[in-house]
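Novice:
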Amino acid sequence: MIGVFDSGLGGLTVLAALTQRFPEVSFVYLGDHANVPYGNRPSEEIIELTRASVERLFGVGCKLVLLGCNTATAVAARRLQTSWLPETPWTALGHNVIGIVAPTVEAATQTPWAVTTPQYPQKFLTDRIAVFGTTRTIASNVYAEEIRKRCPKVTLVQQVCSELAGAIEHGAGKAELERLVETGIAGAMAQAGGEPPHRAILGCTHFPLVEHLFRRHLPQATRILSQPEVVADSLEDYLQRHPRYKGETVETPRRVLLTTGDPAEASARARVFAGEGLTFERLEV
Ligand code: DGL
C-alpha cells in the first residue's frame with residue numbers, strides 16, 4: 080500500500096494520475112485538512128505537520144509515502160529523509176518517503192536527478208520557464224536552484240501565488256479563483272519583461288485543479304508541464320527498482336481517502352474539483 084500525502088485536496092491531482100497508472104496497486108491518501116493551507120506557514124511548522132502525517136500513513140500500513148505536495152517536499156522532504164526517518168524504527172522496516180520536486184525538475188530539464196551538472200544538449204537550453212508556487216515553495220528556491228544547475232541558460236521566473244491554494248480549499252467562487260490566477264500570471268509576465276514563458280510549472284498540486292484558468296490566462300504558446308503525469312512516470316521507474324513498495328497487487332485494490340478534518344466537508348469540496356465518487360473518512364488517531 081502506498082500513501083499519498085497533501086495538506087488538503089491538491090494531492091488528489093497526483094493520486095488521480097497514480098491510480099490510473101497503477102490500477103492494481105492500493106493507495107491511501109491523507110489530506111491534512113485540519114491544517115491546510117501549508118504554503119504560508121513557517122518552515123518548522125510544515126516539517127512537523129508533514130512528519131506527523133507521514134507517520135500516520137506509516138501507521139495505517141503504507142511502507143512508502145509520496146509527498147503529493149510541493150510545499151511539503153520543498154521544505155520537509157530532505158529533513159525527513161536524512162534526519163528523522165533514519166532515527167526511527169520505520170527505517171529497519173524498510174519504510175521510505177519520497178517527494179515530487181525531483182521528478183518535476185527531471186522533466187523540466189530533461190536531465191536525470193542524479194546528474195547535477197550541465198550536460199549536452201541541456202546546457203544550451205535557453206527556454207523561459209515560469210514556476211508558480213506557494214510562498215514557502217518559492218522561498219525555498221528549490222526549483223530555481225535545481226533547474227539552473229542542469230540548465231544554466233534557462234531564464235527562470237518564480238511567482239508566488241500565496242492565496243490560491245487556500246482559496247481552492249475554502250470554497251472561493253470562480254471569479255475569485257480566476258482573479259488570483261490572473262494576478263499570478265500577470266506577476267510572472269511582468270518578471271519576464273512581457274516575454275511569454277515557453278513552459279509553466281504549476282508547482283503546487285492544488286493548481287492543476289484550476290488548470291483551465293491557467294490555460295485561459297497564460298499565453299497560448301506556453302506549455303503547461305503536467306506534474307501529476309511526470310510524478311506517475313517517475314513512480315513507475317521507482318517501483319521497478321523497488322517492487323516491494325507496490326505491496327500486494329490485487330484486482331480490487333484499496334482506495335482510501337483520509338482526512339484530519341471534517342470528512343463531509345472534504346468530500347464535498349473534492350467533488351467540486353475532482354468529480355463524483357470521492358469520499359473522505361476521518362483519520363482516527
Ligand atoms: N498542495 C500543496 C503544494 O503542492 C500545498 C498548498 C498549501 O497547502 O498551501 O504546494
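Our numbering runs 79 ahead of the 1-based position in the sequence shown.
In this text, a Cβ means the ideal position worked out from N, Cα and C, and glycines have one as well.
My guess is that I125 and T150 are in contact by the Cβ rule of under 8 Å, so how many angstroms apart are they, rounded?
Specialist: Locating residue 125 in the sequence shown gives position 46, where the first residue counts as 1. Locating residue 150 in the sequence shown gives position 71, where the first residue counts as 1. Yes, I125 and T150 are in contact; Cβ-Cβ is about 6 Å, under 8 Å.
Novice: When the Cα atoms are used, what is the spatial distance from E257 to H285?
Specialist: Stepping through the sequence shown from its first residue, residue 257 is reached at position 178. Stepping through the sequence shown from its first residue, residue 285 is reached at position 206. Each residue's Cα considered, the two are about 14 Å apart.
Novice: If you reduce the DSSP assignment to three classes, tell me which class N220 lands in.
Specialist: For the purposes of this step, residue 220 is taken as residue 141 along the sequence shown, with counting starting at 1. Residue state, collapsed to three classes: coil.
Novice: Can you have a look at E185 and say buried or exposed, based on whether 16 or more other CB atoms are within 10 angstroms of its CB?
Specialist: As a position in the sequence shown, residue 185 is number 106, starting the count at 1. Its Cβ being crowded by 16 or more others within 10 Å, E185 is buried.
Novice: Return the CA-CA distance between S162 and P298, expressed in angstroms with no decimal places.
Specialist: One-based indexing of the sequence shown puts residue 162 at position 83. One-based indexing of the sequence shown puts residue 298 at position 219. Cα to Cα, S162 sits roughly 42 Å from P298.
Novice: Out of L94, T152, A347, A271, which one is the CA nearest neighbour of R215?
Specialist: Here residue 215 refers to the residue found at position 136 of the sequence shown. Checked all of L94, T152, A347, A271; the closest Cα to R215 is T152.
Novice: Comparing C-alpha positions only, which one of L94, A349, T262, Y317 sits nearest to G250?
Specialist: Residue 250 sits at position 171 when you count from the first residue of the sequence shown. Closest option to G250, Cα to Cα, is A349.
Novice: Of the choices A269, L243, V133, whose alpha-carbon is the least far from that of E290?
Specialist: Mapped onto the sequence shown, residue 290 falls at position 211. For E290, the nearest C-alpha among the options comes from L243.
Novice: For the segment 92-152, which segments carrying the alpha helix (DSSP H) assignment without a break, of at least 4 residues, lie completely within its bounds, in sequence order?
Specialist: Runs found: 122-138.
Novice: Have a look at P322, C230, R278 and flag the residue whose alpha-carbon is nearest the alpha-carbon of Q198.
Specialist: Sequence index remark: in the sequence shown, residue 198 carries index 119 (1-based). That would be C230, whose Cα lies nearest to the Cα of Q198.
Novice: Hey, how far is the Cα of Q189 from the Cα of V236?
Specialist: The count along the sequence shown starts at 1 and reaches residue 189 at position 110. The count along the sequence shown starts at 1 and reaches residue 236 at position 157. So the two alpha carbons sit approximately 18 Å from each other.
Novice: Is T170 helix, strand or coil when you go by DSSP?
Specialist: Residue numbering aside, residue 170 sits at position 91 when the sequence shown is read from its first letter. T170: helix per DSSP, three-state reduction.
Novice: Following the continuous alpha helix (DSSP H) through I179, name the residue where it begins and the one where it ends.
Specialist: For this step, residue 179 is matched to residue 100 along the sequence shown. For I179, no alpha helix (DSSP H) encloses it, and the DSSP letter there is neither H nor E.
Novice: Just how far apart, CA to CA, sit R323 and Q306?
Specialist: Taking the sequence shown and counting its residues from 1, one reaches residue 323 at position 244. Taking the sequence shown and counting its residues from 1, one reaches residue 306 at position 227. Cα-Cα distance, rounded: 25 Å.
Novice: If we require 3 or more residues per run, which beta strand (DSSP E) segments fall completely within the segment 291-327?
Specialist: Counting whole runs of 3 or more residues, the segment 291-327 contains the beta strand (DSSP E) stretches 302-304.
Novice: Can you give me the C-alpha to C-alpha distance between Q201 and R227, rounded to a whole angstrom?
Specialist: Position 122 of the sequence shown, counted from the first residue, corresponds to residue 201. Position 148 of the sequence shown, counted from the first residue, corresponds to residue 227. Approximately 10 Å between the Cα atoms of the pair.
Novice: Does the Cβ of G272 lie closer than 6 Å to at least one heavy atom of the ligand DGL?
Specialist: The residue given as residue 272 occupies position 193 in the sequence shown. No, the ligand DGL has no heavy atom inside 6 Å of this Cβ.
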